[in-house]
Amino acid sequence: MPELLLSIRSLRTYFYTYAGVVKALDDVNFEIYRGEIFGLVGETGCGKSVTALSIMQLVPNPPGRIASGQILLEGEDLLKKGEEEMRKIRGAKISMVFQDPMTYINPVLTIGDQISEVILLHQDLRKEVLAIKIEELQRKLEKVEPTSGTARDFKSKIEELEKRMIDPPKPSKGDVKRAALKKTIETLKLVRMPYPERVVKQYPHELSGGMRQRAMIAMALSCGPSLLIADEATTALDVTIQAQILQLLNELKKEIGASILIITHDLGIVAEMCDRVGVMYAGVVVEYAGTKALFRKPLHPYTQGLLRSIPKLHKEMERLEIIPGSVPNLIYPPPGCRFHPRCPYVMEICKKERPPMFESEEEHFVACYLYGQGEN
Amino acid sequence: MKSQGWLQRWGPQLRELRFTIYLLRQSPLVVVGFILLASFILVAIFAPWIAPYGPEERVWTEPRQPPSWKHLFGTDTSGGDIFSRVIWGTRIDLAIALVVVLSAAAVGSAIGAVSGFKGGKIDEMLMRVTDVFLAFPALILAMAIAAALGRNLYNLTVALIVVWWPAYARLIRGQVLSEREKLYVEAARAAGASPTRIIFRHVLPNSIYPLLVNATLDLGGVILTAAGLSFIGFGAGAGVAEWGLMIADGRNYLFESPWMATFPGLAILLSSLSLNLVGDGLRDVLDPRLRR
Chain A
17 MPELLLSIRS LRTYFYTYAG VVKALDDVNF EIYRGEIFGL VGETGCGKSV
67 TALSIMQLVP NPPGRIASGQ ILLEGEDLLK KGEEEMRKIR GAKISMVFQD
117 PMTYINPVLT IGDQISEVIL LHQDLRKEVL AIKIEELQRK LEKVEPTSGT
167 ARDFKSKIEE LEKRMIDPPK PSKGDVKRAA LKKTIETLKL VRMPYPERVV
217 KQYPHELSGG MRQRAMIAMA LSCGPSLLIA DEATTALDVT IQAQILQLLN
267 ELKKEIGASI LIITHDLGIV AEMCDRVGVM YAGVVVEYAG TKALFRKPLH
317 PYTQGLLRSI PKLHKEMERL EIIPGSVPNL IYPPPGCRFH PRCPYVMEIC
367 KKERPPMFES EEEHFVACYL YGQGEN
Chain B
387 MKSQGWLQRW GPQLRELRFT IYLLRQSPLV VVGFILLASF ILVAIFAPWI
437 APYGPEERVW TEPRQPPSWK HLFGTDTSGG DIFSRVIWGT RIDLAIALVV
487 VLSAAAVGSA IGAVSGFKGG KIDEMLMRVT DVFLAFPALI LAMAIAAALG
537 RNLYNLTVAL IVVWWPAYAR LIRGQVLSER EKLYVEAARA AGASPTRIIF
587 RHVLPNSIYP LLVNATLDLG GVILTAAGLS FIGFGAGAGV AEWGLMIADG
637 RNYLFESPWM ATFPGLAILL SSLSLNLVGD GLRDVLDPRL RR
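If you read the sequences in order, they're chains A and B.
Residue 17 is where the first sequence starts when you use this note's numbering, and the numbers rise one by one after that.
Residue 387 is where the second sequence starts when you use this note's numbering, and the numbers rise one by one after that.
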């Protein structure tokens, strides 16, 4: 049984606007295990990004507010944490890669500055600083005559520094910056950035879109997070770069053992990448299951409609399949199941009561009365 | 090999600089402004070597002499050499302008940035305070403050800073308002940066360019206002080599000894003119739409 990393329980995020209360998330539940890739799919405006922002607690407030629920990261409720504590979690334990690498990087800072800023914010680099100093001395030692007095001096210095490794002294600002830059270059190497030593000195406009997205991923990974949220991370890239970035994420998952939450509207990405998927509709997770199970046998009528509406190459069709109707107004959502006005299998009970999650098959959950009975 | 690496590293910057200079040279007036400004700065730095007399040195036996080889711009009522005093005055007036604009810009942009970034009540409060300052006629307010604090150059500087910062606060607030919605701010938040850090490290550097232009243009304005305040007796104490005060001293002898007011007046005119021309040039160069 894999270890549970993040568990979201009956999360409700509301936006209080002049027109009324927008219930952007209304009872969202799902779980992410350590080391897995979880996909969250749904159409525009169904609350995928709000879920991500809620996890980070970056929902713009006002007008947004997390009304109730629990977000448990490694068993601790993030909603109970103060802003100060959250700031230490953001970027360190949970980090985020955004949609558009063009606008999500500050244009006036170099790539190196921006990534090392994150490292400086979250990491204690005293050991790294000391390690660099020892390394430098060793390099000097190699150059001098091994029997000479200077060599003995260097050796004793190295020994002294190694002794201090247990409780390293507070280094100077310049040393810390150097250590951070070294780590930055290492992280850039991790994301397969070409010429990392040169890139750290460059500004965002000097890089291509794919390189910028790599830089963003490096920034997100620089502190070894346990959860990486990729919010439409490949939507703004063209398909070849998209494939490269997805492959990179897949490799990185294995290398650093982080869980990844992929938020997308592209079912192709989900099928390719994810271990498990949650399907969102109008602020609710309507179905979640292993990727294979979901694609082989979608249960919820909405999921079925989504999969049907993917254009197929091998079938000749007059028109593309669509789901009739449109996304409901989230200020006045339909009573009962939110999908019932568009559902081809609608029953009386769907109009009155919200369907609970039924485990219709093992590890395959669906919120639909087709697969279970209500309490009465 | 090493020089090649150097060229590779700095080549693009050098090309950029050359392009900037090319852009500046497009307008002859801007070149004139830069030359004028450069000579004023040089004069201010090398004043002790250029000026034949000290700033408050008097040759009591030679009052109100017309310009001659001994006194290039003539002398004033107490026998002070106008040429030397104009040169020494460059130091004082440029320093006042620089200090006033720098401090006003620092204070103004800090307040404006916080106001724009935080929004809501804090914004409302800070902006109403700046409104109060802006509602006063600048010169009158500066006069009142300078008069209340007492007549000397430090108080004049303080008065001008108090009058000048609200304009910068407004300017930066507007910039920050548009800048804080940019997505890199959200990215910084998601990386765990604190609001203070986001304001001063991410947002402010992105909103500073219009301030740079405005500050350059304002340097001229400050010189003019400082001289004006000195002229009506709220600035430098009697005898100090300050342009406004020198004109004030000369105004009673405008017909008998016109050189007394003319030369310091010319200095004020040329220095503020040069700063205005340079400011215009900077605006053209820094505007990315004109640049590409």
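Backbone N, C-alpha and C fix where the C-beta goes; we use that ideal spot for every residue, glycine too.
Whether residue i touches residue j by CB criterion (8 Å)
i: A:Gly80; j: A:Phe31; result: yes
i: B:Arg359; j: B:Ala627; result: Outside the displayed span of chain B (387 to 678) sits residue 359 of chain B, for which this structure offers no information.
i: A:Val134; j: A:Cys239; result: yes
i: A:Ile285; j: A:Leu310; result: no
i: A:Val75; j: A:Val66; result: yes
i: A:Ile1; j: A:Arg358; result: Here chain A covers residues 17 to 392 and nothing more, so residue 1 of chain A does not appear.
i: A:Ile71; j: A:Ile87; result: yes
i: A:Val192; j: A:Leu204; result: no
i: A:Arg28; j: A:Leu41; result: yes
i: B:Leu697; j: B:Leu663; result: Since the first residue of chain B shown is 387 and the last is 678, residue 697 of chain B is not available in this structure.
i: B:Ser593; j: B:Val562; result: yes
i: B:Ala708; j: A:Leu253; result: Absent from the model: residue 708 of chain B. The displayed extent of chain B is 387 to 678, so no value can be given.
i: A:Ala167; j: A:Leu157; result: yes
i: B:Ser660; j: B:Leu422; result: yes
i: B:Phe620; j: B:Ile633; result: no
Coarse secondary structure for residue i, derived from DSSP in three states
i: B:Gly465; result: coil
i: A:Gln86; result: strand
i: B:Ala492; result: helix
i: A:Leu74; result: coil
i: A:Gly97; result: The sequence given here places Lys at residue 97 of chain A; Gly does not occur at that position. Reduced to three states, the DSSP call for A:Lys97 is coil.
i: B:Phe649; result: helix
i: A:Asn45; result: strand
i: A:Ile339; result: coil
i: B:Tyr540; result: helix
i: A:Met118; result: coil
i: A:Ala35; result: coil
i: A:Ser26; result: strand
i: B:Ser425; result: helix
i: A:Asn392; result: Low confidence applies to A:Asn392: its pLDDT is 39, below 50, so where it sits in the model is not reliable enough to give any reading.
i: A:Leu243; result: strand
i: A:Thr280; result: strand
i: A:Tyr361; result: coil
i: A:Phe15; result: Shown here, chain A extends from 17 to 392; a query on residue 15 of chain A therefore has no answer.
i: A:Phe355; result: coil
Status (buried if at least 16 other CB within 10 Å, exposed otherwise) for residue i
i: A:Asp93; result: exposed
i: B:Leu605; result: buried
i: B:Glu572; result: buried
i: B:Arg678; result: Legend: pLDDT at B:Arg678 = 49, less than 50; position of this residue unreliable, value from coordinates given subsequently. B:Arg678 comes out exposed.
i: A:Leu329; result: exposed
i: B:Met387; result: Reliability fails at B:Met387, whose pLDDT of 44 lies under 50, so the model's placement of it is uncertain and the value that follows must be treated cautiously. With fewer than 16 Cβ atoms within 10 Å of its Cβ, B:Met387 is classed as exposed.
i: B:Pro438; result: exposed
i: A:Thr256; result: exposed
Contacting residues, own chain, Cβ-Cβ under 7 Å from residue i (five flanking each side not counted)
i: A:Ile394; result: In the structure displayed, chain A extends from 17 to 392; residue 394 of chain A sits before or after that span and is not available.
i: A:Gly273; result: Gly51
i: B:Gly623; result: Arg537 and Asn538
i: A:Gln320; result: Pro314
i: B:Leu640; result: Ala647
i: A:Leu20; result: Glu47 and Tyr49
i: A:Gln218; result: Thr126 and Ile127
i: B:Val418; result: Leu663
Sequence-distant residues of its chain with Cβ nearer than 8 Å to residue i (five each side left out)
i: B:Leu672; result: Tyr595, Leu598 and Val599
i: B:Gly614; result: Leu525 and Gly630
i: B:Thr447; result: Gly465
i: A:Pro18; result: Tyr49, Arg50, Gly51 and Glu52
i: A:Glu176; result: none
i: B:Arg583; result: Ala574
i: B:Thr476; result: Phe426, Val429, Ala430, Ala433, Ala653 and Ser657
Sequence-distant residues of the same chain with beta carbon closer than 6 Å to residue i, five excluded per side
i: A:Lys199; result: Ile135
i: B:Pro452; result: Gly460
i: A:Ser132; result: Ala196, Leu197 and Thr200
i: A:Ile174; result: Ile150 and Leu153
i: A:Glu337; result: Arg324 and Ser325
task: Decide if the stretch 647 to 667 of chain B is in contact with the stretch 422 to 429 of chain B; the criterion is three or more beta carbon pairs, one per stretch, under 8 Å apart.
output: At 8 Å Cβ cutoff, the stretches touch.
message: For the structure I just gave you, are there three or more beta carbon pairs, one from the stretch 602 to 618 of chain B and one from the stretch 545 to 562 of chain B, closer than 8 Å?
response: Judged by Cβ distances under 8 Å, the stretch 602 to 618 of chain B makes contact with the stretch 545 to 562 of chain B, as three or more pairs qualify.
- prompt: Any chance the stretch 106 to 125 of chain A sits against the stretch 223 to 232 of chain A, with 3 or more Cβ pairs inside 8 Å?
  reply: Because the criterion of three Cβ pairs below 8 Å is met, the stretch 106 to 125 of chain A and the stretch 223 to 232 of chain A touch.
- prompt: Between the stretch 140 to 151 of chain A and the stretch 236 to 251 of chain A, are three or more C-beta pairs nearer than 8 Å?
  reply: Not touching, per the Cβ criterion.
- prompt: Would you call the stretch 121 to 134 of chain A and the stretch 587 to 594 of chain B in contact, with 3 or more CB pairs under 8 Å?
  reply: Enough Cβ pairs lie closer than 8 Å, so yes.
field: Three or more C-beta pairs below 8 Å linking the stretch 485 to 495 of chain B and the stretch 517 to 529 of chain B
entry: Note that the stretch 485 to 495 of chain B does not touch the stretch 517 to 529 of chain B; fewer than 3 beta-carbon pairs, one per stretch, sit closer than 8 Å.
query: Taking three-plus beta-carbon pairs below 8 Å as touching, is the stretch 364 to 384 of chain A in contact with the stretch 296 to 307 of chain A?
result: Short answer: they touch.
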